[in-house]
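S.K.: full-length UniProt numbering puts the first residue of the sequence shown at 1, with every later residue one more than the last.
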Amino acid sequence: MLSARLRSLRAYETETSEARVRLSSNELPYDLPRELKRRIGEEAGRIPLHRYPDPTCGELKAVLADFFGVGEENLLLGNGSDELVYYLSVAVGELDQGVYIPVPTFPMYEISADVFGRPKVAVPLGEDFDIDLQESLRRLREEGAALAYFSYPNNPTGNLFSEEKIRALREEGLLTVVDEAYYHYSRKSFLEEALRREDTVVLRTLSKIGLAGLRVGVLIAREELVRELEKIRLPFNVSYPSQVIARLVLTEGRDFIEEAVERVVSERERLRRELSSIEGVEVFPSSANFLLFRTPFPAGELHAALLRRGVLVRNVSHLPRLERCLRVSVGREEENDLFLEALNSAVRELGG
1 MLSARLRSLR AYETETSEAR VRLSSNELPY DLPRELKRRI GEEAGRIPLH RYPDPTCGEL
61 KAVLADFFGV GEENLLLGNG SDELVYYLSV AVGELDQGVY IPVPTFPMYE ISADVFGRPK
121 VAVPLGEDFD IDLQESLRRL REEGAALAYF SYPNNPTGNL FSEEKIRALR EEGLLTVVDE
181 AYYHYSRKSF LEEALRREDT VVLRTLSKIG LAGLRVGVLI AREELVRELE KIRLPFNVSY
241 PSQVIARLVL TEGRDFIEEA VERVVSERER LRRELSSIEG VEVFPSSANF LLFRTPFPAG
301 ELHAALLRRG VLVRNVSHLP RLERCLRVSV GREEENDLFL EALNSAVREL GG
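What follows is the structure in structure tokens.
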């Protein structure tokens, strides 16, 4: 009864192991302040849960427009940016046209292409984790594509792709999606181009700045493109609680978010220095809220050794160019210290 295409798909996998210190999902490590939680409780108690939410997300859009410095007409909201990736994967070009994806990257780009049966032009990154421009151009001109995804900074490598290379690939006639999930940690953006050009879209999310549980994704583009994409948006796709809580936190809790992001960036640099000092550990530069690192040991063994010590990170060694690599989210200072202690211990154990 089910399609052959569905049977060939592989579901997105997350880390679900129990651990005392969880540094595997790139979440903001700081919980909301007590007073802000009290205010959330007050507002949540007024939500008429027997009613559908505002289908246009009007009040939340007004706050997000101010937060990102754009017009409300430039916004399309989703149940996480994953939903917006699905919309783009079905709406841009025809389903027999390819989707360009530099790999390794956020897996939902490939998964969404597979769901709709679209050909993939998946090109491995260079040794420096940047876009391989010449190979990308060759593949695009041979195979063709209508849509391109760029994680910026890239997950799981943490680096920013060359702006010039992204623009060069865009000139091949691609609707270019720049996924800026980690924008607050890099402060680098294609936002101005998304507002000015018909071939560029920016994605943002609230998941990396303290509201992962709400699942609010944001697409930013020219008004006419947003208007067309609205035709395929699922009704009531952002829940009532998500709209109310996100609106409250982005107004009354904005100072908390900004301060928390600054603390993460500071901890990221400290964590990078500490990792670099461990013999045999190679840590890569990052503009996000996580760090990619490589050791001489099989990543699966090191991942398991860390888990035995109560620390969960992400094993990414199965991805192209990431042999023996793990990815660690930047946690609170005490969590990072426990991770470093566990890593030092695990490295000594595996090194004999």
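Beta carbons are placed, not taken as given, at the ideal position from N, Cα and C, and that holds for glycine.
Note that the structure is a prediction, hence the values are computed from the model and not measured.
Following a CB-centred definition, is Asn74 positioned closer than 8 Å to any heavy atom of the ligand ADP?
M.R.: With respect to the ligand ADP, the structure offers nothing, as it holds no ligand at all.
S.K.: Which residues mark the beginning and the end of the alpha helix (DSSP H) in which Pro241 is found?
M.R.: Element bounds for Pro241: Tyr240 to Glu252.
S.K.: Could you name the residues of the same chain whose beta carbon sits closer than 6 Å to that of Gly280, not counting the 5 residues immediately before and after it, in chain order?
M.R.: Counting only Cβ-Cβ distances below 6 Å, and skipping sequence neighbours, we find Thr295 and Pro296.
S.K.: Helix, strand or coil: how does DSSP classify Glu341 here?
M.R.: If DSSP states are grouped into helix, strand and coil, Glu341 belongs with the helices.
S.K.: Just to confirm my understanding: we take Met108, look at its own chain, exclude 5 residues before and 5 after, and list those with CB closer than 6 Å. What are they?
M.R.: Hits under 6 Å: Asp82 and Val85.
S.K.: State whether the stretch 100-117 contacts the stretch 57-69, with contact taken as three or more CB pairs (one from each stretch) at a distance under 8 Å.
M.R.: Judged by Cβ distances under 8 Å, the stretch 100-117 makes no contact with the stretch 57-69, as fewer than three pairs qualify.
S.K.: Using a 10 Å radius around the Cβ and a threshold of 16 neighbouring Cβ atoms, would you call Glu27 buried or exposed?
M.R.: Per the 10 Å Cβ criterion, buried.
S.K.: Determine the direct distance from the alpha carbon of Arg247 to that of His184, and round the result to whole angstroms.
M.R.: In a straight line, the C-alpha of His184 is about 18 Å away from that of Arg247.
S.K.: Quick one: is Ser286 buried, meaning 16 or more other Cβ sit within 10 Å of its Cβ, or exposed?
M.R.: Classification for Ser286: buried.
S.K.: For the stretch 112-176, which segments carrying the alpha helix (DSSP H) assignment without a break, of at least 4 residues, lie completely within its bounds, in sequence order?
M.R.: With a minimum length of 4 residues, the continuous alpha helix (DSSP H) runs that stay inside the stretch 112-176 are 133-143 and 163-170.
S.K.: With distances taken from CA atoms, which of Phe284, Ala44, Pro119 and Glu164 is nearest Phe150?
M.R.: Here the closest residue by C-alpha is Glu164.
S.K.: Applying the 10 Å Cβ sphere with the 16-neighbour rule, what's the burial state of Ser8?
M.R.: It counts as exposed.
S.K.: Residue ranges of each beta strand (DSSP E) run of no fewer than 3 residues wholly in the stretch 192-225, ordered along the chain?
M.R.: Listed in chain order, the complete beta strand (DSSP E) runs (minimum 3 residues) inside the stretch 192-225 are 200-205 and 216-220.
S.K.: DSSP three-state label for Asn237, please.
M.R.: In this structure, Asn237 counts as coil in the three-state DSSP scheme.
S.K.: Could you pull out every residue in the same chain whose Cβ sits closer than 7 Å to the Cβ of Asn289, ignoring the five residues on either side in sequence?
M.R.: Counting only Cβ-Cβ distances below 7 Å, and skipping sequence neighbours, we find Asn26, Tyr182, Tyr185, Lys208, Val264, Arg268, Ser329 and Val330.
S.K.: Across which residues does DSSP place Cys325 in a beta bridge pair?
M.R.: Cys325 is bridged to Arg294.
S.K.: Please name the residue or residues paired with Tyr100 in a DSSP beta bridge.
M.R.: Tyr100 is bridged to Val121 and Ala148.
S.K.: Mapping DSSP to helix, strand and coil, what is Asp66?
M.R.: Reduced to three states, the DSSP call for Asp66 is helix.
S.K.: Could you check the C-alpha separation between Pro124 and Val103 for me, to the nearest Å?
M.R.: Cα to Cα, the separation comes out at about 5 Å.
S.K.: If we ignore side chains and look at the alpha-carbon of each, how far apart do Arg233 and Tyr87 end up?
M.R.: One C-alpha to the other measures close to 7 Å.
S.K.: Among Glu252, Phe236, Glu341 and Leu6, which has the Cα closest to the Cα of Asp54?
M.R.: When only C-alpha atoms are compared, the closest one is Phe236.
S.K.: If you draw a straight line from the C-alpha of Asp31 to the C-alpha of Tyr240, how long is it?
M.R.: Roughly 21 Å separates the two Cα atoms.
S.K.: Tyr100: buried (16+ other C-beta within 10 angstroms of its C-beta) or exposed?
M.R.: Counting Cβ neighbours within 10 Å, Tyr100 comes out buried, since at least 16 surround it.
S.K.: Taking 9 Å as the cut-off, decide whether the C-beta atoms of Asn336 and Leu271 are in contact.
M.R.: For Asn336 and Leu271, yes; Cβs fall inside 9 Å.
S.K.: Determine the direct distance from the alpha carbon of Ala62 to that of Leu306, and round the result to whole angstroms.
M.R.: So the alpha carbons of these two residues sit roughly 44 Å apart.
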